[in-house]
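Okay, so here's the structure we're looking at.
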């Protein structure tokens, strides 16, 4: 791919990535949201976070299958308990990394 | 910009944004480095990697694009894939909009550029607990963006010298997501929504291509949680 084609490519990629990020913010911040939409959106962060975490700890990527033996899952249990107990983001990240390192190294 | 006018302590919001950004940066550095290494092996030179990170700023779609470029895919195919992969941000920006009522368009246009899975999660948790300034949120977005650009370009130069999986750093973002999820679990409706989303996400991950599973699972789970809440509320009334 030559340089000019590459520039067209990344400009188009940038546009299709930016518009879904920008339009809801600009459009929805101008009007009062209906109650049902606000209540639905309130649940979206918990839903998105769960959806992002689930395959990372419960599934293999190639081929895609569910598994319960990943070090990511083993590390997730103490990490989750630590987060519930302390509610410390920095601590949870470090404990998670440490537990994952332990799981990968010793299992 | 009117976001900076009424600041009594000019550096307070900056510091808050910086301190909230570090777990994200910790996760972005190794991912950015590996993207840089892959891109370089796929035939891209450092300025091309930099331009992509500046214009796109979306990790997973950049990995896919690099792989597709290496495989000789057409420009429309790569752009269409990028669009689908990043469509999940539509939901995140919609959820964020609740906290930006009446904010100037200029601020939003700038802020939107930095909406990623990670910045969304970090900002949303703090907006929900009511301790967050939108200037701190912007600081977080811009800082994580800068770290991403630097990491991806650095990867093209020195990525091959860094051992894979050093210090469990591959787990930084998962650990952060777990803790941010805990912050979101305010009552049992949220917990039930999280469980439903986990199950839907796994099923969609197995059955559907790409990472459309995020959108499918989130919409299904939020709808289920919403309906459950309505049903419980009507029972109380009866």
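Residue numbers (the working numbering), protein chains in the order written: chain A, 1 to 107; chain B, 1001 to 1238. From the three backbone atoms N, C-alpha and C, an ideal C-beta is built for every residue, glycine too.
Spatially closest choice to residue i from the options, by CA coordinates
i, options, result
"residue 18/A", "1129/B, 1111/B and 1215/B", "1111/B"
"residue 1157/B", "1017/B, 1216/B and 1050/B", "1050/B"
"residue 1154/B", "1014/B, 1104/B, 1013/B and 1048/B", "1048/B"
"residue 64/A", "1084/B, 1201/B and 1083/B", "1201/B"
"residue 1186/B", "1140/B, 1204/B, 1066/B and 1225/B", "1225/B"
"residue 1180/B", "101/A, 35/A, 86/A and 58/A", "86/A"
"residue 1141/B", "1152/B, 1131/B, 1124/B and 1130/B", "1124/B"
"residue 11/A", "1207/B, 1197/B, 1184/B and 1052/B", "1052/B"
"residue 1039/B", "1229/B, 1063/B and 1198/B", "1063/B"
"residue 1217/B", "1198/B, 1231/B, 1234/B and 1229/B", "1198/B"
"residue 42/A", "1184/B, 1167/B and 1102/B", "1184/B"
"residue 47/A", "1231/B, 1233/B and 1196/B", "1196/B"
Three-way DSSP call (helix, strand, coil) for residue i in this model
i, result
"residue 1153/B", "helix"
"residue 1216/B", "helix"
"residue 1061/B", "helix"
"residue 1034/B", "helix"
"residue 3/A", "helix"
"residue 1074/B", "coil"
"residue 29/A", "coil"
"residue 61/A", "strand"
"residue 1004/B", "For residue 1004/B, the pLDDT reaches just 44, beneath the cut-off of 50, and the residue's location in the model is therefore unreliable, leaving the point undetermined."
"residue 1087/B", "coil"
"residue 1129/B", "coil"
Short CB-CB distance (under 7 Å) between residue i and chain A
i, result
"residue 1002/B", "Confidence at residue 1002/B is low in this model, with a pLDDT of 41, below 50, so the placement of that residue should be treated as unreliable; the coordinate-derived value is given next. Output row for residue 1002/B: interface = no."
"residue 1145/B", "no"
"residue 1056/B", "yes"
"residue 1025/B", "no"
"residue 1005/B", "Note that residue 1005/B scores a pLDDT of 44, beneath 50, so its modelled location is shaky; the value from the coordinates is reported in the next line. Judged by the 7 Å Cβ criterion, residue 1005/B is not in contact with chain A."
"residue 1142/B", "no"
"residue 1008/B", "Residue placement at residue 1008/B cannot be trusted, given a pLDDT of 48 that sits under 50; the coordinates are not used to answer."
"residue 1068/B", "no"
"residue 1079/B", "yes"
"residue 1075/B", "yes"
"residue 1013/B", "no"
"residue 1040/B", "no"
"residue 1206/B", "yes"
"residue 1110/B", "no"
CB contact check: residue i to chain B, cutoff 7 Å
i, result
"residue 52/A", "yes"
"residue 61/A", "no"
"residue 78/A", "no"
"residue 17/A", "yes"
"residue 116/A", "Nothing can be reported for residue 116/A, as the shown portion of chain A is limited to 1 through 107."
"residue 58/A", "yes"
"residue 74/A", "no"
"residue 107/A", "no"
"residue 92/A", "yes"
"residue 28/A", "yes"
Extent of the continuous beta strand (DSSP E) run through residue i
i, result
"residue 65/A", "64–66"
Boundaries (first-last residue) of the alpha helix (DSSP H) holding residue i
i, result
"residue 50/A", "35–58"
"residue 1048/B", "1046–1055"
"residue 1101/B", "Here residue 1101/B belongs to no alpha helix (DSSP H), and DSSP marks it neither H nor E."
"residue 71/A", "71–86"
"residue 1113/B", "Taken as a continuous stretch (DSSP letters only), residue 1113/B belongs to no alpha helix (DSSP H), as it is neither H nor E."
"residue 1175/B", "1172–1184"
"residue 95/A", "89–106"
"residue 1193/B", "1188–1207"
Cβ-heavy atom distance, residue i to the ligand HEM, below 6 Å
i, result
"residue 1133/B", "Summarising the ligand content, the structure contains no ligands, and the ligand HEM is consequently not present."
Same chain only: Cβ atoms within 8 Å of residue i, ignoring 5 sequence neighbours per side
i, result
"residue 1084/B", "1210 and 1212"
"residue 1143/B", "1017, 1018, 1021 and 1025"
"residue 1091/B", "1215, 1218 and 1219"
"residue 71/A", "100, 103, 104 and 107"
Cβ shell of residue i (< 6 Å), same chain only, five flanking positions each side left out
i, result
"residue 1070/B", "1042"
"residue 1145/B", "1057 and 1114"
Sequence-distant residues of the same chain with beta carbon closer than 7 Å to residue i, five excluded per side
i, result
"residue 1315/B", "It is not possible to answer for residue 1315/B, since the shown part of chain B is limited to 1001 through 1238."
"residue 1205/B", "1213"
"residue 99/A", "75, 78 and 79"
"residue 1147/B", "1025, 1028 and 1029"
"residue 1173/B", "1027 and 1118"
Cutoff 7 Å: residue i Cβ touching any chain D Cβ
i, result
"residue 67/A", "Absent here is chain D; the protein component of the structure consists of chains A and B."
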